[in-house]
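What follows is a short report on a single structure.
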Amino acid sequence: MSSISSGSSDYDDAPPGYKEAIDSGSFVSPSDSGIISQLDIQAIGYDTTQALTGNKLEDIPVCRVGSGELEYTSIRLKKSSNSCALVGGSDSSQTPLISTIYRWGPGRRPRIKILAPGTTATVEQAINSDHLVCEVVQVKSRNMMSRTQEFKTSFGTFEWRYGGRDERKEASEASSLLVLERTDDAATALAGNGGKVGKHGVPVAQLVRNKELRTQGTSHWMGGNGGRLIMNLGMWADDKKTTTKDAEAFIVASCILMLKREAERFKDNTIAAVV
Numbered sequence: 001m002s003s004i005s006s007g008s009s010d011y012d013d014a015p016p017g018y019k020e021a022i023d024s025g026s027f028v029s030p031s032d033s034g035i036i037s038q039l040d041i042q043a044i045g046y047d048t049t050q051a052l053t054g055n056k057l058e059d060i061p062v063c064r065v066g067s068g069e070l071e072y073t074s075i076r077l078k079k080s081s082n083s084c085a086l087v088g089g090s091d092s093s094q095t096p097l098i099s100t101i102y103r104w105g106p107g108r109r110p111r112i113k114i115l116a117p118g119t120t121a122t123v124e125q126a127i128n129s130d131h132l133v134c135e136v137v138q139v140k141s142r143n144m145m146s147r148t149q150e151f152k153t154s155f156g157t158f159e160w161r162y163g164g165r166d167e168r169k170e171a172s173e174a175s176s177l178l179v180l181e182r183t184d185d186a187a188t189a190l191a192g193n194g195g196k197v198g199k200h201g202v203p204v205a206q207l208v209r210n211k212e213l214r215t216q217g218t219s220h221w222m223g224g225n226g227g228r229l230i231m232n233l234g235m236w237a238d239d240k241k242t243t244t245k246d247a248e249a250f251i252v253a254s255c256i257l258m259l260k261r262e263a264e265r266f267k268d269n270t271i272a273a274v275v
C-alpha cells in the first residue's frame, strides 16, 4: 500500500480538488500538523432506473489520490447481500482487514468486525464466522429518524453524520457532505489545543461529493455514490495500540457502510414513490 501523507508539506502540490475540499473551517486547514490521508471511494450507487430494476451494487475500489494506486477493495460475498469485507488493494490473497455484516429485520443493526492483526481468513469467513479473533462494533442510530450513525470502538467513539448547508458550502460547495467526528472524552485532548471542534466532537474525516470530486459517471441525483474521502489521522500518530493505517481502514469501512445505507434508502424511497 502507498504511504499516508504526513504534515502539511504536500499541501501546495496536492492534486486538483484537494485544497478546495480540505480548506474548511469545520475540518482541517493547511496549518494543521496532523497526518492527512485522501482517498477516492469509487462507488457507483443507484440511479432511479437501477433502484426500480433491482440492480445491486458491485465491489467498491478505493484509490489513493495522486498516485491512483488501488489502496483497498470492498468485496461483496453475494450480490443479494450488502455484507462485505475490506481487503488491501495490493493483497493478492484478499485477506480481510474488516468485515461489515448487514442483517435483515427490524432493529437488526449492521455490525463491523475489525480483525486482529495477522488473522488469516477468507472473505466468507470474515463475514459469516463467529469464531475469529476480532473486535465487534455495533452500529447504532442517534434516534429512529436520524441518519447519523454511532460506532463505539476500543480506539474511540465516532459518529458519521450529514453536513449542514454551511458545512457543505465550506467544503468546496459540496452537494453532499458526510462528516466523521470523534465524540469520546479523550478526543479533544488528543486533538491538541489547536484542534477544531465540530458539531458533536472533533472532526476526523469528510466525504466530499461535488461536480469535481464525486465518483466519475455519477450525479447529485443518485444515492450511495462515492467521492473524495479526506482524513486527519494525527491523533493516532503516537498511539501504541492503533496505527494510522488501522484507523484509516476503519474510517474507509465505516464510510462505505454509510454509502450503502444511503443507497438502500434511495432505492426504498424510489420504489415507494411509484407504488
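In terms of the UniProt record's numbering, the sequence shown opens at residue 1 and continues consecutively.
Ideal Cβ placement from N, Cα and C applies to all residues, glycine included.
Keep in mind it's a predicted model, so treat the numbers as computed, not measured.
With 16 as the cutoff for other CB atoms within 10 Å, does G118 come out buried or exposed?
exposed
Whole-angstrom Cβ separation of Y46 and M222, contact assumed at under 8 Å?
6 Å
Please list the terminal residues of the continuous alpha helix (DSSP H) segment that includes D268.
244-274
My assumption, with CB atoms under 8 Å, is that F155 sits in contact with V137. Please give the rounded CB distance.
Incorrect: roughly 10 Å between the Cβ atoms, too far for contact.
Taking its Cβ as the centre, do 16 or more other Cβ atoms sit within 10 Å of D40, making it buried, or is it exposed?
buried
Please classify T73 as buried or exposed, where buried requires at least 16 other C-beta atoms within 10 Å of its C-beta.
Counting the other Cβ atoms within 10 Å of the Cβ of T73 gives 16 or more, which makes it buried.
Would you report the Cα separation of G68 and W160, rounded to the nearest angstrom?
Just so you know, the alpha carbons of G68 and W160 end up roughly 26 Å apart.
Using 9 Å as the threshold, is the C-beta distance between A126 and S99 below it?
yes
Please name the residue in I271, A263, V252 whose C-alpha comes closest to that of G89.
For G89, the nearest C-alpha among the options comes from V252.
Residues near E173 in its chain [Cβ-Cβ closer than 7 Å; skip 5 each side]
N210
Quick test of your reading: residue 276 and R214, contact by CB under 8 Å. State the CB separation rounded to the nearest angstrom.
Residue 276 is absent from the structure shown; the chain starts at 1 and stops at 275.
Compare the beta carbon distance of I60 and Q42 with 9 Å and say whether it is the shorter of the two.
yes
Between R261 and L70, what straight-line distance do the alpha-carbon atoms span, to the nearest angstrom?
Going by the C-alpha atoms only, they are around 24 Å apart.
Is I75 close to the ligand SAM? I mean its beta-carbon at under 8 Å from any heavy atom of the ligand.
Ligands in the displayed structure: none, and consequently the ligand SAM is not present.
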